[in-house]
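Counted the way the numbering used here counts, the sequence shown spans residues 76 to 170.
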Amino acid sequence: MYFKDSEVDLMRSIFRRLDLKTIESLQLYVKDNDRRTGCTQVVYNKWKKPVCLFQNFESLSPYRMKLLMRLAEQIPYPIHITEPCEGIMTIGWKV
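See below:
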(Lines of atoms letter the chains of each structure in order from A; the text may use other names.)
(Lines give C-alpha, C1' and ligand atoms only; values in the text may rest on other atoms or scores of the structure.)
Protein backbone atom coordinates (compact mmCIF):
# COMPACT_ATOMS: atom_id res chain seq x y z
CA MET A 76 0.00 0.00 0.00
CA TYR A 77 1.20 3.51 -0.78
CA PHE A 78 -0.02 7.11 -1.11
CA LYS A 79 -1.75 8.17 -4.34
CA ASP A 80 -0.49 11.27 -6.16
CA SER A 81 -3.59 13.24 -5.17
CA GLU A 82 -3.00 12.41 -1.48
CA VAL A 83 0.64 13.46 -1.72
CA ASP A 84 -0.38 16.76 -3.33
CA LEU A 85 -2.91 17.37 -0.58
CA MET A 86 -0.34 16.66 2.15
CA ARG A 87 2.16 18.99 0.48
CA SER A 88 -0.45 21.75 0.27
CA ILE A 89 -1.19 21.37 4.00
CA PHE A 90 2.52 21.72 4.80
CA ARG A 91 2.77 24.81 2.57
CA ARG A 92 -0.17 26.38 4.41
CA LEU A 93 1.56 25.81 7.74
CA ASP A 94 4.92 27.19 6.55
CA LEU A 95 5.01 29.41 3.47
CA LYS A 96 8.78 28.92 3.13
CA THR A 97 8.40 25.19 2.42
CA ILE A 98 10.22 24.26 -0.78
CA GLU A 99 8.13 22.75 -3.56
CA SER A 100 9.98 19.53 -4.32
CA LEU A 101 9.89 16.38 -2.21
CA GLN A 102 13.20 15.57 -0.57
CA LEU A 103 14.33 11.99 -0.14
CA TYR A 104 14.74 11.18 3.55
CA VAL A 105 18.37 10.81 4.61
CA LYS A 106 19.21 9.93 8.22
CA ASP A 107 21.85 12.69 8.38
CA ASN A 108 19.17 15.33 7.66
CA ASP A 109 16.49 14.05 10.04
CA ARG A 110 16.14 17.45 11.83
CA ARG A 111 15.99 19.50 8.62
CA THR A 112 13.13 22.02 8.51
CA GLY A 113 11.54 23.80 5.57
CA CYS A 114 11.17 20.83 3.25
CA THR A 115 8.81 17.91 2.89
CA GLN A 116 10.65 14.60 3.20
CA VAL A 117 9.49 11.33 1.71
CA VAL A 118 10.29 7.65 2.22
CA TYR A 119 9.70 5.33 -0.74
CA ASN A 120 9.12 1.59 -0.82
CA LYS A 121 11.10 -0.73 -3.11
CA TRP A 122 8.72 0.07 -6.01
CA LYS A 123 9.47 3.81 -5.71
CA LYS A 124 6.03 4.58 -4.26
CA PRO A 125 5.67 6.98 -1.28
CA VAL A 126 4.82 5.27 2.00
CA CYS A 127 5.78 8.03 4.46
CA LEU A 128 5.60 11.80 4.07
CA PHE A 129 6.59 14.22 6.83
CA GLN A 130 8.03 17.62 7.60
CA ASN A 131 9.86 19.07 10.57
CA PHE A 132 8.64 22.39 11.95
CA GLU A 133 9.98 24.77 14.51
CA SER A 134 7.36 25.47 17.16
CA LEU A 135 3.87 25.88 15.70
CA SER A 136 1.46 28.40 17.20
CA PRO A 137 -1.84 27.15 18.66
CA TYR A 138 -3.64 28.67 15.66
CA ARG A 139 -1.52 26.71 13.17
CA MET A 140 -1.98 23.49 15.18
CA LYS A 141 -5.75 24.00 15.07
CA LEU A 142 -5.52 24.65 11.31
CA LEU A 143 -3.45 21.48 10.87
CA MET A 144 -5.99 19.34 12.71
CA ARG A 145 -8.83 20.74 10.63
CA LEU A 146 -7.00 20.19 7.33
CA ALA A 147 -5.71 16.73 8.34
CA GLU A 148 -9.29 15.45 8.40
CA GLN A 149 -9.22 15.49 4.58
CA ILE A 150 -6.61 12.73 4.51
CA PRO A 151 -7.80 9.15 5.19
CA TYR A 152 -4.65 8.17 7.12
CA PRO A 153 -3.96 9.03 10.78
CA ILE A 154 -1.64 11.95 11.36
CA HIS A 155 1.56 11.41 13.37
CA ILE A 156 2.95 14.24 15.47
CA THR A 157 6.15 13.77 17.46
CA GLU A 158 8.67 16.03 19.11
CA PRO A 159 12.04 14.28 18.62
CA CYS A 160 13.99 17.14 20.20
CA GLU A 161 13.21 20.40 21.92
CA GLY A 162 11.93 23.05 19.53
CA ILE A 163 11.43 20.69 16.57
CA MET A 164 8.08 19.04 15.80
CA THR A 165 7.71 16.28 13.19
CA ILE A 166 4.33 16.07 11.48
CA GLY A 167 3.42 13.54 8.83
CA TRP A 168 1.56 10.50 7.59
CA LYS A 169 2.58 6.93 6.89
CA VAL A 170 0.84 3.93 5.41
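We put the beta carbon where it would ideally sit given N, CA and C, even for glycine.
Small disclaimer: the values here were computed from a predicted structure and weren't measured.
- Fewer than three pairs of CB atoms, one per stretch, sit closer than 8 angstroms, so the segment 114–124 makes no contact with the segment 148–156.
- In the structure shown, the three-state DSSP call for K96 is coil.
- DSSP places V83 within a helical segment (H, G or I) once states are collapsed to three.
- Spanning the alpha carbons of K169 and Y77 requires a straight line of approximately 9 angstroms.
- Around R110, the same chain offers N131, P159, C160, I163 as residues with beta carbons nearer than 8 angstroms, after the five sequence neighbours per side are excluded.
- Apart from sequence neighbours up to five positions away, the residues of its chain that approach V83 with a beta-carbon distance below 7 angstroms are P125, L128, ordered along the chain.
- Beyond the five residues adjoining it in sequence on each side, C114 comes within less than 6 angstroms, by CB distance, of I98, Q102 in the same chain, given in chain order.
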